[in-house]
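I have placed the structure first, in the form of structure tokens, so that the comments after it can refer back to it.
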Amino acid sequence: MDRKEAYREKLDAQLKELKAKIDQLENRVSSLSADAKAELVKDIHDLRKRKMIVREKWNELQKAGGEAWDAMREGVEKATAELKESLEKVISRFK
Numbered sequence: 011m012d013r014k015e016a017y018r019e020k021l022d023a024q025l026k027e028l029k030a031k032i033d034q035l036e037n038r039v040s041s042l043s044a045d046a047k048a049e050l051v052k053d054i055h056d057l058r059k060r061k062m063i064v065r066e067k068w069n070e071l072q073k074a075g076g077e078a079w080d081a082m083r084e085g086v087e088k089a090t091a092e093l094k095e096s097l098e099k100v101i102s103r104f105k
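Each step along the sequence shown adds one to the number in the numbering used here, with nothing skipped, and position 30 is 40.
What follows is the structure, encoded as structure tokens:
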């Protein structure tokens, strides 16, 4: 397996894990007060947008080659880290 394939598998696993955590948050919405529910729904919407950005960057990365691949990979990693950080903040607020 080459490094691009290994990276793809790693990123796919990360995105599945992040999606599962977002889904868990979504399952909690019905048990919250109206204000908290509205805030969590907004946060979930933002998280899903961030996840879509990661996926779009990933799709662009798959088309790249050589040095462009390395540069674009950094963008994917940054977007993924931002998504993880945002998700952890939301999770900590709604524990």
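Note that CB positions come from ideal geometry on N, CA and C, so glycine has one too. All of these numbers come straight from a predicted model, not from anything done at the bench.
Keeping to the same chain, check which residues put their C-beta closer than 8 angstroms to that of residue i; ignore five residues upstream and five downstream.
{"i": "Met62", "result": "none"}
{"i": "Leu42", "result": "Leu50 and Phe104"}
{"i": "Ile32", "result": "Ile54, Leu57, Arg58, Lys61 and Leu97"}
{"i": "Ala46", "result": "Phe104"}
{"i": "Glu92", "result": "Arg60"}
Helix or strand or just coil, what does DSSP make of residue i?
{"i": "Leu35", "result": "helix"}
{"i": "Ser102", "result": "helix"}
{"i": "Asp56", "result": "helix"}
{"i": "Asp1", "result": "The question about residue 1 has no answer here: the residues shown for the chain are numbered 11 through 105."}
{"i": "Leu71", "result": "helix"}
{"i": "Met11", "result": "coil"}
{"i": "Ser41", "result": "helix"}
Just the C-alpha distance for residue i and residue j, rounded to the nearest angstrom, thanks.
{"i": "Glu15", "j": "Arg58", "result": "25 angstroms"}
{"i": "Asp22", "j": "Ala78", "result": "20 angstroms"}
{"i": "Thr90", "j": "Ile101", "result": "16 angstroms"}
{"i": "Asn37", "j": "Ala30", "result": "11 angstroms"}
{"i": "Asn69", "j": "Ala48", "result": "32 angstroms"}
{"i": "Lys52", "j": "Arg65", "result": "20 angstroms"}
{"i": "Gly85", "j": "Glu95", "result": "15 angstroms"}
{"i": "Gln72", "j": "Gln34", "result": "29 angstroms"}
{"i": "Arg13", "j": "Asp80", "result": "11 angstroms"}
Given residue i, which residues of its chain have a CB within under 6 angstroms of its CB, disregarding the five upstream and five downstream residues?
{"i": "Ala74", "result": "Met82"}
{"i": "Leu25", "result": "none"}
With a threshold of 16 other CB atoms inside 10 Å of the CB of residue i, please say whether the residue is buried or exposed.
{"i": "Lys20", "result": "exposed"}
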